[in-house]
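Report on the structure given below.
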Amino acid sequence: MTPRSRALGAAASAVVALGALALPVTSTAAAPDAAAEAARATPPQRPAATSGARGPAARDAAADAARALARHAGAARGSVAADLQPTDVVLDRDGGTHVRFEREVGGLPVRGGDLVVHRAPGGAWEGVSQTLAAAVPDRLAASRPQVSAARAVRIATAPARAVADVRGRRVAGEPVLVVDARGARPRLAWEVTTGGRRTDGTPSRLTTTVDARSGAVLDRVEGVHTADGEGITLYSGTVRLSMAPSGSGFALTDVAHGNGRTTDMNNKQDGTLCQLLGNCTVGTAFTSPDASFGSGTTASRESAAADAHLGAATTYDYFASLGRTGIFGDGRGVVSRVHYGRNYVNAFWDGAKMTYGDGDGKSYGPLVSLDVAGHEMSHGITENTANLTYSGESGGLNEATSDIFGTMVEFFAATPADPGDYYIGEEFDRAAGTGFRRMDDPARDGSSYSCYVSGIGNADVHYSSGVGNHFFYLLAEGSGTRTIGGRVHSSPTCDGSTVAGSGRDAAQRIWFRALTVYMTSGTTYAQARTATLAAARDLYGAGSTQQTTVAAAWSAVGLG
Numbered sequence: 036m037t038p039r040s041r042a043l044g045a046a047a048s049a050v051v052a053l054g055a056l057a058l059p060v061t062s063t064a065a066a067p068d069a070a071a072e073a074a075r076a077t078p079p080q081r082p083a084a085t086s087g088a089r090g091p092a093a094r095d096a097a098a099d100a101a102r103a104l105a106r107h108a109g110a111a112r113g114s115v116a117a118d119l120q121p122t123d124v125v126l127d128r129d130g131g132t133h134v135r136f137e138r139e140v141g142g143l144p145v146r147g148g149d150l151v152v153h154r155a156p157g158g159a160w161e162g163v164s165q166t167l168a169a170a171v172p173d174r175l176a177a178s179r180p181q182v183s184a185a186r187a188v189r190i191a192t193a194p195a196r197a198v199a200d201v202r203g204r205r206v207a208g209e210p211v212l213v214v215d216a217r218g219a220r221p222r223l224a225w226e227v228t229t230g231g232r233r234t235d236g237t238p239s240r241l242t243t244t245v246d247a248r249s250g251a252v253l254d255r256v257e258g259v260h261t262a263d264g265e266g267i268t269l270y271s272g273t274v275r276l277s278m279a280p281s282g283s284g285f286a287l288t289d290v291a292h293g294n295g296r297t298t299d300m301n302n303k304q305d306g307t308l309c310q311l312l313g314n315c316t317v318g319t320a321f322t323s324p325d326a327s328f329g330s331g332t333t334a335s336r337e338s339a340a341a342d343a344h345l346g347a348a349t350t351y352d353y354f355a356s357l358g359r360t361g362i363f364g365d366g367r368g369v370v371s372r373v374h375y376g377r378n379y380v381n382a383f384w385d386g387a388k389m390t391y392g393d394g395d396g397k398s399y400g401p402l403v404s405l406d407v408a409g410h411e412m413s414h415g416i417t418e419n420t421a422n423l424t425y426s427g428e429s430g431g432l433n434e435a436t437s438d439i440f441g442t443m444v445e446f447f448a449a450t451p452a453d454p455g456d457y458y459i460g461e462e463f464d465r466a467a468g469t470g471f472r473r474m475d476d477p478a479r480d481g482s483s484y485s486c487y488v489s490g491i492g493n494a495d496v497h498y499s500s501g502v503g504n505h506f507f508y509l510l511a512e513g514s515g516t517r518t519i520g521g522r523v524h525s526s527p528t529c530d531g532s533t534v535a536g537s538g539r540d541a542a543q544r545i546w547f548r549a550l551t552v553y554m555t556s557g558t559t560y561a562q563a564r565t566a567t568l569a570a571a572r573d574l575y576g577a578g579s580t581q582q583t584t585v586a587a588a589w590s591a592v593g594l595g
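In terms of our numbering, the sequence shown has 48 at position 13, counting the first letter as 1, and numbering is strictly consecutive.
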């Protein structure tokens, strides 16, 4: 199974739940509907929403959106051979709907062809959010690849600097022929999926996109998202945990959060192909004769498990406060695996579950801090909503989204032992205590970008994410110097302006709505600016203080 199909596992089930609706969209012009574009320019204010909606109302919304698209085919950049499948529905409480569609042309998936259809209460057309600039020519999908599947595999698996740290790479399944519409022009391409393990022990599930005409490598996207190093201290204070009876004792099964489980990997690592085959070891259940787990030290293997269990529950509750029930939108919890490998200084989300290493035991402890848990599981939220491509500017936005929500999970938990701040991973950094990123001025780590520059899409996504992180900090807290969570934060602006923040609650709701309603797989920073402006108008009204602050914060990071 390809990474794309795995990442859309929940969305694929949503297609079935939504009636497996297929819509041929016919268009004689690639240009967007002018009236629709004008309508999107000044959307009305919207109340709170339910993300990842299911049931009859969601099915009706998807069907209505499909019919609306048929009447506004030009807005969808449609073609005669195009089919659209609904994958996610957001229902506003006032009756407005936002339906996300995936696109195929001539039976081929169109990467970068996803879109969201917006309809007002009562069904009035409000337009489309997408990154596709023009209709994909039908002849492209009907053309024969000049590069064979076998040659695409050889190209994808050839030694290259970009994959020099991946060991034991093996191809999973047959290459998939797609239309890659994420660049300046759509191209027929092969997607080749390989599995392996990086030198630090992190599993790899890599998708290499090969131009089916020239054989050029267009993109390499890692399907296993990590916290980018380091570790965390174990102690999170004494907290309440949801668990389930097990025999005469208890197990770390969270009955209050979709039956999520926390398990012990017993310092074993995954095989090189299990991420591709979907048969990775889950680990053994944590059980106890009483309802108490852990001792607050690494002397007990239960301690890291208690922190991971707390992280999963807190992340679940946080997103529920924003209107989404569980990562997949269907109420399911996730498996959290602790004690992965030996001296493994990382944590990762693989599209289905969480995994935490124990650190090296010296500079870094077990990676089970709240912000890392929230960061990694937020990759799951992104995968199952906008599905931001993990490369280029959209990759930076993907990482920024995880830093943003991971930080907000830490604030949401409000534990005295780990008060909220905008330092990422500071709790596991035993040596310096500053973590590996900070949002008030990302460039202070020596690698991240605090300001937008041309070509930023070529940077590592963990560093280009700094622009999104800096924007969010300014939107929430404003510029200048202040103490938050006992730590000094000092945020300059790129244009010398002064920004007064709108507060964390408004900032997080604006980013969440922008992600789930307006962003699509190829969203750029400029388009994220448009998306957050629209989200602020929806939530707080056109010309509101919040919308004005969104504009000011983007200008302050170089996107005016």
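All residues carry an ideal CB built from backbone N, CA and C; glycine is no exception.
Check: CA nearest to the CA of residue 142, picked from 214, 200 and 107; Outcome: 214
Check: For residue 502, the three-state DSSP class (helix, strand or coil); Outcome: helix
Check: Residue span of the alpha helix (DSSP H) that contains residue 412, given as start and end; Outcome: 405-418
Check: Whole-angstrom distance between residue 530 and residue 590, CA atom to CA atom; Outcome: 7 angstroms
Check: One or two residues paired with residue 488 in a DSSP bridge; Outcome: Paired residue(s): none; residue 488 is not in a bridge.
Check: Beta carbon of residue 293 nearer than 8 angstroms to that of residue 372; Outcome: no
Check: Proximal residues to residue 552 (C-beta, below 6 angstroms), its chain only, five neighbours per side dropped; Outcome: 125 and 133
Check: Boundaries of the alpha helix (DSSP H) in which residue 146 is found, first to last residue; Outcome: Unbroken run through residue 146 is the beta strand (DSSP E), 143-146; no alpha helix (DSSP H).
Check: Backbone CA spacing between residue 409 and residue 450 [nearest angstrom]; Outcome: 14 angstroms
Check: As assigned by DSSP and simplified to three states, the class of residue 346; Outcome: helix
Check: Sub-8 angstroms separation of residue 146 and residue 216 beta-carbons; Outcome: yes
Check: Same chain, Cβ closer than 7 angstroms to residue 307, five either side skipped, listed in chain order; Outcome: 203, 205, 230, 231 and 232
Check: Coil, strand or helix - residue 181 by DSSP; Outcome: coil
Check: When 333, 341, 348 and 103 are compared against residue 395, the one with the closest alpha-carbon; Outcome: 333
Check: Burial state of residue 397, where buried means 16 or more other Cβ atoms lie within 10 Å; Outcome: exposed
Check: Residue 519 - containing beta strand (DSSP E), residue span; Outcome: 515-519
Check: Pairwise C-alpha distance: residue 130 and residue 191; Outcome: 47 angstroms
Check: Residue 554 - DSSP class collapsed to helix/strand/coil; Outcome: coil
Check: Separation of residue 338 from residue 679, as counted between CA atoms; Outcome: Examination of residue 679 is not possible in this model, given that the chain is present from 36 through 595 alone.
Check: Neighbour-count burial assignment, residue 580, 16 or more Cβ in a 10 Å radius; Outcome: exposed
Check: Proximity of residue 472 and residue 480 at Cβ, strictly below 8 angstroms; Outcome: yes
Check: CA nearest to the CA of residue 456, picked from 390, 433, 404 and 221; Outcome: 404
Check: For residue 588 and residue 513, the rounded distance between their alpha carbons; Outcome: 8 angstroms
Check: C-alpha distance - residue 490 paired with residue 220, whole-angstrom precision; Outcome: 18 angstroms
Check: CA nearest to the CA of residue 85, picked from 420, 476, 399 and 493; Outcome: 420
Check: Beta strand (DSSP E) runs contained entirely in the segment 521-545, provided each spans 3 or more residues; Outcome: 522-526
Check: CA-to-CA distance, residue 497 to residue 370, given in whole angstroms; Outcome: 25 angstroms
Check: Sequence-distant residues of its chain with Cβ nearer than 8 angstroms to residue 209 (five each side left out); Outcome: 184
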